[in-house]
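Enquirer: Quick note: the sequence shown uses the working numbering, first residue 5, plus one each step.
Just so you know, even glycine gets a beta-carbon here, dropped at the ideal spot from N, CA and C.
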Amino acid sequence: MTLDWQNIETVFLDMDGTLLDLHFDNYFWTQYVPARFGEKQGISAQQAFDQIFPHMLSIRGSLGWYDINYWSQYLQMDVLGMKHAAAERIQPRPGAIQFLQALRRASKKIVLATNAHKDTLDIKFSRSGIGPYFDYIATSHQFGVAKEDPQFWQRLQEIMHFDPAKSVFIDDNEKVLDAARSFGIQFLLTVSQPDSQQEPQASNGYSSVSDFSILAGEIK
Ligand SMILES: [Mg+2]
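1) Comparing the CB of T22 with every heavy atom of ligand 1, is any distance shorter than 7 angstroms?
2) How many angstroms separate the CA atom of A142 from the CA atom of T118?
3) Measure from the alpha carbon of N11 to the alpha carbon of each residue in A169, F138, D126, then state which is nearest.
4) Grab me the residues of Q201's own chain with a C-beta within less than 7 angstroms of its C-beta, minus the 5 sequence neighbours each way, in chain order.
5) Which residue's Cα is closest to the Cα of I114: D123, K122, A100?
6) Determine the contact status of E178 and S211, defining contact as a CB-CB distance below 8 angstroms.
7) Going by DSSP, name the residue or residues bridged to P96.
8) When you measure from the CB of D8 to every non-hydrogen atom of ligand 1, does any distance come out below 7 angstroms?
9) For A89 and R131, which I take to be in contact (beta-carbon distance under 8 angstroms), what is that distance rounded to the nearest angstrom?
10) So does N30 have its beta carbon nearer than 7 angstroms to some heavy atom of ligand 1?
11) Whole-angstrom Cβ separation of L7 and V172, contact assumed at under 8 angstroms?
12) For the 8 angstroms Cβ check, are there 3 or more pairs between the region 36-50 and the region 184-200?
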């Protein structure tokens, strides 16, 4: 799908798995945290994983899932400190910076729409360099609803007064895209390979982007 960039005013972008490689988050939650938690409990990383992971799955998609303070409490560990310690794996996805630069040149309004916790944003911005490109940063924690809920978009529109018919939203999570579609965002794209260390994923309902430099080249 080629987007009608002339008619697009606002570009909403997800962070983890879209602008940034989801490898960091997958590594952090499935390997780094279980290893540290296992050390603390005197059990193996695999045992720690088996203990933590069912709970992670049970709250996936809720605000708690995305809340660093929640996990610090649950694990009785400094999750933010652990993120800093593992931060060298944070990196932009292919062409992401180039895409942000092209949007800037074309004077599009660039909005980060993320479920990530504010404290996580600081680490990810300083590591990846994406921070300065955004005109506005919308976090689900500020609205009290995750992006999986169409209300996220209602709250955001109350603040930004954007035109959904002239908006594009790119996110690697199709549940999130479904919510944006039911709100009325006109152009929706998913990401074919959110995690550089895993196989590309097929999408049933959405066109997908892999390398953002291709999209960057289409912007007039
Ligand atoms: Mg994502």
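Expert: So, from the listed chains and residues:
1) Within the sequence shown, the letter at position 18 stands for residue 22. It does: the Cβ of T22 is within 7 angstroms (strictly closer) of some heavy atom of ligand 1.
2) Within the sequence shown, residue 142 is the residue found at index 138, counting from 1. Within the sequence shown, residue 118 is the residue found at index 114, counting from 1. Cα to Cα, the separation comes out at about 6 angstroms.
3) Counted from its first residue, the sequence shown places residue 11 at position 7. It is A169.
4) The sequence position of residue 201 within the sequence shown is 197, counting from 1. Excluding residues within five positions, the ones whose Cβ falls inside 7 angstroms are H27.
5) In the sequence shown, counting from the first residue as 1, residue 114 sits at position 110. Of D123, K122, A100, the residue nearest in Cα terms is A100.
6) Taking the sequence shown and counting its residues from 1, the one referred to as residue 178 is at position 174. Taking the sequence shown and counting its residues from 1, the one referred to as residue 211 is at position 207. Contact flag unset, no.
7) Mapped onto the sequence shown, residue 96 falls at position 92. Here P96 is bridged, per DSSP, to L24.
8) Start at 1 with the first residue of the sequence shown, and residue 8 comes out as number 4. Incorrect: D8 has no Cβ contact closer than 7 angstroms to ligand 1.
9) To locate residue 89, count along the sequence shown from 1; it is residue 85. To locate residue 131, count along the sequence shown from 1; it is residue 127. Their Cβ separation, rounded to whole angstroms, is 12 angstroms, which puts A89 and R131 out of contact at 8 angstroms.
10) Numbered from its first residue, the sequence shown carries residue 30 at position 26. Exclusion of N30 from the 7 angstroms shell around ligand 1 follows from its C-beta lying no nearer than that to any non-hydrogen atom of the ligand.
11) On the sequence shown, position 3 is the one that residue 7 refers to. On the sequence shown, position 168 is the one that residue 172 refers to. The pair is a contact, with the Cβ atoms about 6 angstroms apart (cut-off 8 angstroms).
12) no
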